[in-house]
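Data first, discussion second: the structure below is written as structure tokens.
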Amino acid sequence: MTTDIPQASKLDMVSTQKVLLIEDNPGDAALVQIYLGDTEFQGCEVIHKESLEAGLAVAREEENLLAILLDLKLPDSSGLPTLEKIVDAAPNSNIIVLTGTSDRELGLTAVRLGAQDYLVKGSFDASVLSKTLRFSIERNRVLKRLEETQVLAKIGSWEYDLDHERLTASREFFRIFKLPFRNVVAIDELQSSAPFLFDFFQQIHGQTAVTGESITELDLELADGEKVHLYTRCTASRSDDGGQVYLGMVQDVSERFKAQQEILRNQRRYKEIFSQSHDAIFIATFEGRLIDLNAATEKLLHSSREVLLSSAQPFHDCFNPAVSRQAFLEELRQKGAVKNFELRVENSLGQIRECLATASLLSIDEGEGYTCILHDVTEQRQVEKLRKAREMAEQSARMKEQFLASVSHEMRTPMNAILGMSNILLQMDLPEEQKDMVQSIRHSSGILLGIVNDILQISSLQNGKVEFNSEPFDLNATLDGLQSVMYYKASEKDIVLSIHRDDSLANKLIGDQLRLNQVLFNLVGNAVKFTDRGTVDIFVKQLRDDGNKVRLRFEVKDTGIGIPPDKIEAVFDTFTRIRTKDRIYEGTGLGLAICKSLVESQGGSIGAVSQPGVGSTFWFELDFEKDKSAGSPSEEAVQKTVEMLPEDATFSVLLVEDHKLNQVVARKTLLRKWPKVQITLAENGQEALDKIAEADFDIVLMDVQMPVMDGFEATVNIRKMPPPKSNIPILAMTAHAHVSRDDKFSEAGMNDFVIKPFDPENLFEKISTYVQITR
829 MTTDIPQASK LDMVSTQKVL LIEDNPGDAA LVQIYLGDTE FQGCEVIHKE SLEAGLAVAR
889 EEENLLAILL DLKLPDSSGL PTLEKIVDAA PNSNIIVLTG TSDRELGLTA VRLGAQDYLV
949 KGSFDASVLS KTLRFSIERN RVLKRLEETQ VLAKIGSWEY DLDHERLTAS REFFRIFKLP
1009 FRNVVAIDEL QSSAPFLFDF FQQIHGQTAV TGESITELDL ELADGEKVHL YTRCTASRSD
1069 DGGQVYLGMV QDVSERFKAQ QEILRNQRRY KEIFSQSHDA IFIATFEGRL IDLNAATEKL
1129 LHSSREVLLS SAQPFHDCFN PAVSRQAFLE ELRQKGAVKN FELRVENSLG QIRECLATAS
1189 LLSIDEGEGY TCILHDVTEQ RQVEKLRKAR EMAEQSARMK EQFLASVSHE MRTPMNAILG
1249 MSNILLQMDL PEEQKDMVQS IRHSSGILLG IVNDILQISS LQNGKVEFNS EPFDLNATLD
1309 GLQSVMYYKA SEKDIVLSIH RDDSLANKLI GDQLRLNQVL FNLVGNAVKF TDRGTVDIFV
1369 KQLRDDGNKV RLRFEVKDTG IGIPPDKIEA VFDTFTRIRT KDRIYEGTGL GLAICKSLVE
1429 SQGGSIGAVS QPGVGSTFWF ELDFEKDKSA GSPSEEAVQK TVEMLPEDAT FSVLLVEDHK
1489 LNQVVARKTL LRKWPKVQIT LAENGQEALD KIAEADFDIV LMDVQMPVMD GFEATVNIRK
1549 MPPPKSNIPI LAMTAHAHVS RDDKFSEAGM NDFVIKPFDP ENLFEKISTY VQITR
């Protein structure tokens, strides 16, 4: 099999080059090393391994091995599969097979599978080994150059052995067809794994079988749906052992074919575009003589084709003012092309049309000229200004949303650690002074978190990111809950809090109870905040009832500090706070802006009347559908009470979190609730997959944003695992903005989510829900 090569082709050997010898027989291994010592390769470092597994490890690690000498009979592998594994591990390596069998067919098969040559043990000496090494190195170099050339030319080659129905193809061949590279493929495999390629060979080889040669161009649709145009050539030939083979090449000429087709289409389209275009298109000389024009040019200039082509007056004179005309022609001469150059065109009636000129130089029989398109934008100027303003607003909104998402994550993540640690510390037996300090930290952190949440919510409302629910609810129960919660805040300041309801008030309604509560709590909270003594009264009135829908008016009246009349509208603006000469009241200045957006986004209205020193009345009106379904809506809407897992419950949790402090917070929070809980930590999605593959867990607490692999991707991969691992409950823990839109969580396969900084009771409740479901 070996062939001598010219002396000039010998490689310049250096002592740092390495040869990998995979041979389990100590005698054969020693003999090969002795032979190498008697050749020009004596300076090479020989890495000897006695098993395929050990050899594979070296082959993967060493990138520039001079050669791999591979015994086909090893303790952990034998035969041609041994070679295939080495080729897969080091596809570009120079491999020489060592075999104890003098089998030419085996050697040829080994070469087809990716080896450069083969040697029969006991039948070679140092000279033969040297020749084989030099030949294989040079052959490998030539094959690599050929492969590089094929890549550049997008040409792949193949050889089809008819006797064995076996296909051998180049890497570029597989790249063209977007298939993973394999040295040898049984043609029958393609019928199931790549039917489009099987059909391709059926057509090409069928023609070759009849005529001895096939040259054709064809269209082919690949597995991913992409369509390619291929040039192929295939000839019938004979292999070294006399067997019949087909030798073929295929070139991806899609780009050239598309270009040719595009040229033909453009030629056909030119006349159609030229004649039917609504834009004025003309060809002219720089002296101002028209060569050709379309009907739109006649319409723009309000003149006939005959008059324009025969006119002695330079065509350019219609471009006003003269300075613009000169600038247009000068820029066109210098740059060779002009795009969207603003010109004012005066027609034969003296009318001025605002146009955008796009032109390029053109060689014509009359000398130097140009072709130009005039797009009349007179009526579109105002529309264009509005479009640009809209685009700027949309871009600003996108940038703001990206910024808020980043701020949300970057602020909520440390806030989770601060609030979590504070909660844990407050559960410890601390001295009173230290406990006061921790409570101050938690209170301040809560204020900061409230600011972050308000900013995110007002942004969501402004960008239309908030979705409103329409569900049955009990209005009386809602108002009772409001009074129950706000009573304590009011009583701290000796304020009398009262709710007054119309007798005819509809009680069973359909709407967004959560948003109604949010507005009411905000307005009542403000009334209590800005009232030092007196009363806060809540009035609920029914303004209209059409049988199916009612319009309600809510009023919150206080005896507080009041607001000057000229400041009433401003209090609904973002970041506006009440100021008096004595103090500025705490808050973000976003609460009323959020209320306004929530009410108006549901088609309602909101306002206020006030008198400094007397008090204020804030009101809003909203429409609600009447719930006419059977039974009590409040009873139907009541959520089932979650049975909390007992404190001595034993269950396993996989905590997937990359932030060290948040790991500590989550771990300590869970252990304080359930001392026997078993917590396993993973710092990214990939680690989570590894942990789940190794062990079973009752629930996964999955952070969303992590390095290596995020929580969404990890969840998708978990759901692809075989049951029961694929059914493990996954609870997302996210610090991102707009989490109320949980489509992305459910689409990824997550069961639920909690928001960082998380409320421990909320976390405990959701863990109890999903752990009990799976038990």
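Per my numbering, residue 829 is the first one in the sequence shown, and the count goes up by one each step. Here a beta-carbon is modelled for each residue, glycine too, at the ideal position from N, C-alpha and C. Given the structure is predicted, the values throughout are model-derived calculations rather than measurements.
- Item | 8 Å Cβ shell around Gln-826 - same chain, five flanking residues per side excluded | Beyond the ends of the chain as shown, which are 829 and 1603, falls residue 826; an answer cannot be given.
- Grab the span of the beta strand (DSSP E) containing Pro-1300 for me, first residue to last. First-last of the beta strand (DSSP E) with Pro-1300: 1299-1302.
- Does the distance from the CB of Leu-1371 to the CB of Leu-1333 come in under 8 Å? no
- Item | Residues bridged to Gly-1076 (per DSSP) | Trp-986 and Cys-1062.
- Item | CA nearest to the CA of Ala-1398, picked from Ser-1138, Asp-1016 and Lys-1424 | Lys-1424
- Would you mind reading off the limits of the beta strand (DSSP E) that contains Ala-1108? 1108-1113
- Starting from Phe-1446, follow its DSSP beta bridges and name the residues at the other end. Val-1384 and Ala-1436
- Task: Quick one: measure Cβ to Cβ for Phe-1349 and Leu-1310, integer angstroms, because I've assumed they're closer than 8 Å.
- Result: 7 Å
- Query: Quick one: Cα of Thr-1359 to Cα of Ile-1323, how far?
  - Reply: 8 Å
- Message: Using C-beta distances below 6 Å, list every residue in its chain close to Glu-878, excluding the 5 sequence neighbours before and after it, in chain order.
- Response: Asp-852
- Message: Determine whether the beta carbon atoms of Asp-1047 and Lys-1006 lie at a separation below 8 Å.
- Response: At a Cβ-Cβ threshold of 8 Å, Asp-1047 and Lys-1006 do not count as neighbours.
- Message: On the CB-based measure, 16 or more other CB atoms within 10 Å of its CB, does Ala-858 come out buried or exposed?
- Response: exposed
- Query: Beta-carbon separation of Leu-1604 and Val-1151 under 8 Å?
  - Reply: With the chain represented from 829 up to 1603, any question about residue 1604 goes unanswered, as that position is not in the structure.
- Below 8 Å on the Cβ atoms is my guess for Ala-1355 versus Ile-1396; work out the distance and round it to an integer in Å. Ala-1355 to Ile-1396, Cβ: 15 Å. No contact.
- Message: If you reduce the DSSP assignment to three classes, tell me which class Cys-872 lands in.
- Response: In the three-state reduction of the DSSP assignment, Cys-872 falls in the coil class, being assigned neither a helical nor a strand state.
- Give me the Cα-Cα distance between Ile-1119 and Ser-1188, rounded to the nearest whole angstrom. 15 Å
- Which value, in whole angstroms, describes the spacing of the CA atoms of Gly-1197 and Ser-1138? 17 Å
- Message: I need the straight-line Cα distance from Leu-1202 to Asn-1148, nearest angstrom please.
- Response: In this structure, the alpha-carbon of Leu-1202 lies about 14 Å from that of Asn-1148.
- Message: Just to confirm my understanding: we take Leu-934, look at its own chain, exclude 5 residues before and 5 after, and list those with CB closer than 7 Å. What are they?
- Response: Thr-927
- Is it right to say Gln-1208 is buried, meaning 16 or more other beta carbons lie within 10 angstroms of its own, or is it exposed? exposed
- Task: From the DSSP output, in three-state form, read off Ile-1391 for me.
- Result: If DSSP states are grouped into helix, strand and coil, Ile-1391 belongs with coil.
- Query: Which residues share a DSSP beta bridge with Lys-1163?
  - Reply: Answer is none; Lys-1163 lacks a bridge partner.
- For my contact list, Ser-1438 and Phe-1448 are in at a C-beta cut-off of 8 Å; report their separation, rounded to the angstrom. That belief does not hold up - the Cβ atoms of Ser-1438 and Phe-1448 are roughly 15 Å apart, past 8 Å.
- Task: For my contact list, Ile-1338 and Asp-1455 are in at a C-beta cut-off of 8 Å; report their separation, rounded to the angstrom.
- Result: 5 Å
- Given that a residue counts as buried once 16 or more other Cβ atoms are within 10 Å of its Cβ, and exposed if not, what is Leu-902? The residue is buried, with at least 16 neighbouring Cβ atoms inside 10 Å.
- Task: Return the CA-CA distance between Asn-1168 and Thr-1186, expressed in angstroms with no decimal places.
- Result: Computed Cα separation, rounded: 5 Å.
- In angstroms, rounded to a whole number, what distance separates the CA positions of Thr-1039 and Asp-989? 18 Å
- Item | Spatial neighbours of Thr-996 in its chain, beta-carbon cut-off 6 Å, leaving aside the 5 residues before and after | Arg-940, Glu-987 and Val-1012
- DSSP three-state call for Arg-1117: helix, strand or coil? coil
- Query: Whose C-beta lies closer than 7 Å to the C-beta of Val-1056 among residues of the same chain, with five residues either side of it excluded?
  - Reply: Leu-1048, Leu-1050, Asp-1080 and Ser-1082
- Task: Would you mind giving the Cβ-Cβ distance between Ile-1091 and Phe-1102, rounded to the nearest angstrom? I have them listed as a contact below 8 Å.
- Result: With a Cβ gap of about 17 Å, Ile-1091 and Phe-1102 do not count as contacting.
- Query: Where Glu-1212 and Asn-1122 are concerned, what is the direct C-alpha to C-alpha distance, given to the nearest angstrom?
  - Reply: 26 Å
- Query: Under a Cβ-count criterion, where at least 16 other Cβ atoms within 10 Å of its own Cβ denotes burial, should Ala-1330 be classed as buried or exposed?
  - Reply: Checking the sequence shown, residue 1330 turns out to be Asp, not Ala. Exposed: under 16 other Cβ atoms inside 10 Å.
- Counting only the same chain and skipping the five closest in sequence on each side, list residues whose C-beta sits under 6 Å from that of Ser-1326. Asp-1365
- Query: Can you give the beta carbon distance from Ser-1536 to Met-1561, rounded, assuming they're within the 8 Å contact cut?
  - Reply: This sequence places Val at residue 1536; Ser is not what is there. With 8 Å as the limit, Val-1536 and Met-1561 do not qualify as a contact, their Cβ atoms being about 17 Å apart.
- 8 Å Cβ cutoff met for Leu-900 and Leu-911: For Leu-900 and Leu-911, yes; Cβs fall inside 8 Å.
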